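Scroll down for the structure; my scribbles are underneath it.
Numbering (the working numbering), first residue to last: 751 to 1212.
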């Protein structure tokens, strides 16, 4: 039996979504649950090569050849995994690309295209009874007319968390470097879709109703008692995700990392502290505020069995901690307090024992916006990842593949923080992609915060 016959004998598999996945599915109705990776190429690799590589990824990772289906009669979601790769690369010509790009936008084409991808309305699409489900993975290539093009990879976040996204990007570039030599129709098919996070959780919640209710109430009170970044427009809907970028040069990066190592503080602690101090400085009318920080991290090492980092799916969670911030706050002191608070909560395994409660709280913010201040659905000031993505050898990849730039971001305009920081150390240089909900917050507001934050981080390394 050849591989084609083997594939044809495999039937689609169906798995109900887990609790964490469900919160992302429900989030589609307000703008959470979409992730996009944008790659700017100066070299034309050709549509056949790109599509072959994309289908190789689908063959290797079952969740990427799955569809998310919604049953309106039971209001349930499920992942239907198809037996063969099927992705079709969408080719967006120059005229169609021009409809996406805004000539007067301060953002470059790469950023505008990624914004366009993460702001796509998937909720309307999945509710269409004629639709056979949402593809968890799709791709489009946008021609820019100057010899460059942007390859946009769009994912439902249920299929791709940040850790998986980093692995997938490296795998994609490695396969592209080999010109997609392996034929996707003969490549060995991986047929096993991963279990939901909750099904791999060794510390499943075993609380009674009263105990669970107290935990939910405690989390709700913590969230409601936090101060927010000043809202600019709470009325205009729908909202959208907007992107800013910030980077330190290599010398500034190494100086900052040396300062962290000297004090035993991780990058996430100083990043969160700098973000809080910068945000406080633009709320000058308040002497003291209580900001919330969500630290997002990979749960894979805590699961049983632990999926590898290149196992596609959503296996991340976050811990919310409150932090009082006053005028003349010391960066390193606040960074230490932030890190200690996160480490303490993580050691209790609260993120695993109460994961259903945390997901319920998130869904309540989606279903009942009035539970959040000004119905803005903001659950914290900012979110930061525990560990930065590290990508070495980028410059050699740039020369080999003509990869001029890339960004990866998840939609930020649904329920969640006001500011999301995604950090990458690229050949020793620290770069941030910053996402925020618009027009709830303005570009001018975020530019001021990001500029102040960069100055704080650079000064900290001196």
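Built from N, CA and C at the ideal position, the CB exists for glycine as well. It should be emphasised that the depicted structure is a prediction, and the values quoted were computed from it without experimental measurement.
- Residue state for residue 767 is assigned as coil, using DSSP reduced to three classes.
- For the pair residue 1128 and residue 878, the Cα-to-Cα distance works out to about 29 Å.
- One thing to note: residue 1045 has its Cβ within 8 Å of the Cβ of residue 1134.
- For residue 1149, no pairing in a beta bridge is given by DSSP.
- Burial of residue 1101 is indicated by the presence of at least 16 other C-beta atoms within 10 angstroms of its C-beta.
- Here residue 1202 has 1028 and 1031 as same chain residues with Cβ atoms under 7 Å from its own Cβ, once five neighbours each way along the sequence are excluded.
- As summarised for the segment 867-920, the continuous alpha helix (DSSP H) elements at least 4 residues long and confined to that stretch are 872-877, given in chain order.
- In this structure, residue 947 lies away from residue 791, with their beta-carbon atoms at least 8 Å apart.
- As computed with DSSP, residue 990 is found in a beta bridge with 1188.
- Using a Cβ-Cβ distance cut-off of 8 Å, the segment 1079-1095 and the segment 1165-1177 are not in contact, since fewer than three pairs of beta carbons, one from each stretch, lie closer than that value.
- Here the alpha carbons of residue 1189 and residue 1052 stand approximately 38 Å from one another.
- Note that the C-beta distance between residue 776 and residue 1010 is not below 8 Å.
- Take residue 904, set aside five residues on each side of it, and the residues of its chain with a beta-carbon closer than 6 Å to its own are 786, 867 and 888, in chain order.
- Within the same chain, 913 and 917 come within 6 Å of residue 1059 by CB-CB distance, once the 5 residues on both sides are set aside.
- With contacts defined as CB atoms closer than 8 Å, residue 1194 and residue 992 fail to qualify as a contacting pair.
- DSSP places residue 1038 inside the beta strand (DSSP E), whose first and last residues are 1038-1048.
- Under the Cβ criterion (8 Å, minimum of three pairs), the segment 1010-1022 does not count as touching the segment 796-807.
- At a Cβ-Cβ threshold of 8 Å, residue 1153 and residue 851 do not count as neighbours.
- Taken atom to atom, the span from the alpha-carbon of residue 768 to that of residue 853 is near 42 Å.
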